Amino acid sequence: MPELNELARGARVMVTGATGYVAGPLIKRLVGAGVRVHAAVRDPADTVKLSHLAEIAESGPGAIEFFRADLLEPGSFDAAIAGCEIVFHTASPFLDMSKISDPQKQFVDPALGGTINILDSVNRTRGVRRVVLTSSAATMAGGPDDMEKTGGVVGAASWNTVSSLENGPYLFSKTVAERKAWEMAGAQDRWRLVSINPGTVLGPGLNADPTSASFDRVRSLGDGTFKNGLPPVRFGMVDVSDVAEAHFRAAFIEAAHGRYLVAENVYSFGDLVEMLKSRFGDRDGYPAKTALPADMPRYIWDTGRSKKELGLSYRPLEPALAAMFEKIEARAV
Numbered sequence: 268m269p270e271l272n273e274l275a276r277g278a279r280v281m282v283t284g285a286t287g288y289v290a291g292p293l294i295k296r297l298v299g300a301g302v303r304v305h306a307a308v309r310d311p312a313d314t315v316k317l318s319h320l321a322e323i324a325e326s327g328p329g330a331i332e333f334f335r336a337d338l339l340e341p342g343s344f345d346a347a348i349a350g351c352e353i354v355f356h357t358a359s360p361f362l363d364m365s366k367i368s369d370p371q372k373q374f375v376d377p378a379l380g381g382t383i384n385i386l387d388s389v390n391r392t393r394g395v396r397r398v399v400l401t402s403s404a405a406t407m408a409g410g411p412d413d414m415e416k417t418g419g420v421v422g423a424a425s426w427n428t429v430s431s432l433e434n435g436p437y438l439f440s441k442t443v444a445e446r447k448a449w450e451m452a453g454a455q456d457r458w459r460l461v462s463i464n465p466g467t468v469l470g471p472g473l474n475a476d477p478t479s480a481s482f483d484r485v486r487s488l489g490d491g492t493f494k495n496g497l498p499p500v501r502f503g504m505v506d507v508s509d510v511a512e513a514h515f516r517a518a519f520i521e522a523a524h525g526r527y528l529v530a531e532n533v534y535s536f537g538d539l540v541e542m543l544k545s546r547f548g549d550r551d552g553y554p555a556k557t558a559l560p561a562d563m564p565r566y567i568w569d570t571g572r573s574k575k576e577l578g579l580s581y582r583p584l585e586p587a588l589a590a591m592f593e594k595i596e597a598r599a600v
């Protein structure tokens with residue numbers, strides 16, 4: 268999209284969670300378009316953790332400047348946001364539930380408190396005209412009860428009303444954080460909020476040591492975790508590169524607004540296993556059965572707005588899944 272690159276060139280933006288899974292490809296896209304990126308990280312002196320971003324900066328033509336910030340430290344994003352016209356808020360914990368001992372502290376506090384903290388800084392920075400929020404498809408539906416209300420359609424108008432701290436705390440954290448963001452956006456008229464709501468995000472990413480739970484999910488498909496059966500679910504899934512592109516376009520397409528569901532298609536975990544089998548052959552750790560119950564309902568993921576208004580053309584999922592699986596196996600050696 269050359270004309271969009273022209274619009275972006277020379278812009279100054281801030282990215283929260285700059286070492287994160289989605290942020291890496293986003294920053295690469297921004298720097299490649301000549302954008303100056305203020306990268307908010309916990310420790311700007313951690314050269315190992317920032318090495319992939321340093322490589323991006325060297326490739327130009329844009330630039331990266333690192334700033335120390337903490338989601339729960341009031342005012343810590345002020346310096347990073349200063350001078351920026353666009354803020355990308357990508358930071359939010361996405362951890363495997365087996366690693367969670369305190370959902371309030373590990374999910375809700377950083378998701379909700381971090382959003383409030385960052386938008387407070389945005390409200391103090393007069394030059395900001397747009398905020399692009401990394402949300403989740405999980406905010407659009409939390410289960411069958413939500414789907415019944417929308418006639419089986421997941422999309423910009425639907426909300427998760429069933430998740431809670433006790434039942435689906437990650438989904439709950441993303442939902443309360445996005446709702447708060449829209450509340451704060453509606454209380455002023457200087458900056459516009461746009462949310463990107465991806466399904467399950469797949470792909471190798473750029474970080475050498477990724478912490479996203481997406482990697483745990485893919486790893487579990489081949490390590491015997493589900494040897495006796497897979498969870499009977501279907502979910503929208505998408506290449507991380509497409510998620511990054513969606514953020515970029517949401518920032519620089521002037522008419523972009525509202526919530527954008529981002530997913531290439533809807534898949535079951537069994538579909539992913541079959542993709543891995545076709546690429547890598549049979550493995551002892553694969554589930555014995557991959558088919559879903561015949562009577563399982565099918566829902567519609569309405570991604571029309573992302574295609575029509577953002578001009579997204581989704582990549583096939585299998586190459587992203589294969590590259591991700593190869594990265595997981597390489598790290599296990």
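Numbers given in our numbering equal positions in the sequence shown, counted from 1, plus 267. Glycine included, each C-beta is placed from N, C-alpha and C at the ideal position. It should be emphasised that the depicted structure is a prediction, and the values quoted were computed from it without experimental measurement.
Given a cut-off of 8 Å on the beta-carbon distance, is the pair residue i and residue j in contact?
| i | j | result |
| --- | --- | --- |
| Pro465 | Val529 | yes |
| Ile294 | Leu320 | yes |
| Val485 | Met591 | yes |
| Val443 | Leu379 | yes |
| Leu297 | Val289 | no |
| Thr227 | Gly284 | Here the chain comprises residues numbered 268 to 600, so residue 227 is not present and cannot be evaluated. |
| Val399 | Ile463 | yes |
| Trp449 | Arg396 | no |
| Ser425 | Asp413 | yes |
| Pro377 | Leu317 | no |
| Ser331 | Ala306 | Note that residue 331 is Ile in the sequence shown here, rather than Ser. The answer is yes: Cβ separation under 8 Å. |
| Arg526 | Ala423 | yes |
| Pro370 | Leu432 | yes |
| Arg391 | Asp345 | yes |
| Phe286 | Val315 | Before going further, note that residue 286 is Thr rather than Phe in the sequence given. In this structure, Val315 does not lie closer than 8 Å to Thr286 by Cβ. |
| Pro292 | Ala511 | yes |
| Tyr220 | Glu531 | Look at the range of the chain in this structure, 268 to 600, and you will see that residue 220 is not part of it. |
| Gly503 | Trp568 | yes |
| Leu386 | Met451 | yes |
| Thr401 | Ser430 | no |
Assuming residue i and residue j form a contact by the criterion Cβ under 8 Å, report the distance between their Cβ atoms to the nearest whole angstrom.
| i | j | result |
| --- | --- | --- |
| Ala336 | Ser343 | 4 Å |
| Leu460 | Ile520 | Contact flag wrong, Cβ pair sits at about 14 Å. |
| Val533 | Pro554 | Not confirmed; about 19 Å, so no contact. |
| Phe536 | Leu488 | 6 Å |
| Asn384 | Pro436 | Rounded, the Cβ-Cβ distance is 20 Å, inconsistent with contact. |
| Gly552 | Asp483 | Not quite, the Cβ-Cβ distance comes to about 14 Å (not below 8 Å), so this is no contact. |
| Arg446 | Cys351 | That pair is no contact at about 24 Å. |
| His514 | Phe333 | At roughly 19 Å, the Cβ-Cβ gap does not stay under 8 Å, so His514 and Phe333 are not in contact. |
| Val389 | Ile348 | 6 Å |
| Leu543 | Leu588 | 7 Å |
| Arg231 | Ala522 | A query on residue 231 cannot be resolved here, the shown segment of the chain reaching from 268 to 600 and no further. |
Please name the residue or residues paired with residue i in a DSSP beta bridge.
| i | result |
| --- | --- |
| Val282 | Ala306 and Phe355 |
| Phe613 | Absent from the structure is residue 613, since the part of the chain shown begins at 268 and ends at 600. |
| Tyr534 | Phe502 |
| Val468 | Val505 |
| Tyr527 | Ile463 |
| Arg610 | Residue 610 is absent from the structure shown; the chain starts at 268 and stops at 600. |
| Trp568 | Val421 |
By the DSSP assignment, the alpha helix (DSSP H) with residue i in it spans what residues?
| i | result |
| --- | --- |
| Tyr437 | Pro436 to Gly453 |
| Thr382 | Gly381 to Arg391 |
| Glu325 | Ser318 to Ser326 |
| Leu293 | Ala290 to Gly299 |
| Ile367 | First-last for Ile367: undefined, no H or E at that position. |
| Ile348 | Asp345 to Ile348 |
| Ala413 | In the sequence as displayed, the identity of residue 413 is Asp instead of Ala. Where Asp413 is concerned, the enclosing alpha helix (DSSP H) stretches over Pro411 to Lys416. |
| Phe482 | Ala480 to Gly489 |
| Lys574 | Gly571 to Lys575 |
Going by DSSP, what residue range makes up the beta strand (DSSP E) through residue i?
| i | result |
| --- | --- |
| Ser462 | Arg459 to Pro465 |
Any beta carbon of chain D sitting closer than 8 Å to that of residue i?
| i | result |
| --- | --- |
| Lys544 | Of the protein chains in this structure there is only one, and it is not chain D. |
*For the region 473-487 against the region 401-415, are there 3 or more C-beta pairs whose distance is under 8 Å?*
no
*Would you call the region 441-456 and the region 503-518 in contact, with 3 or more CB pairs under 8 Å?*
no
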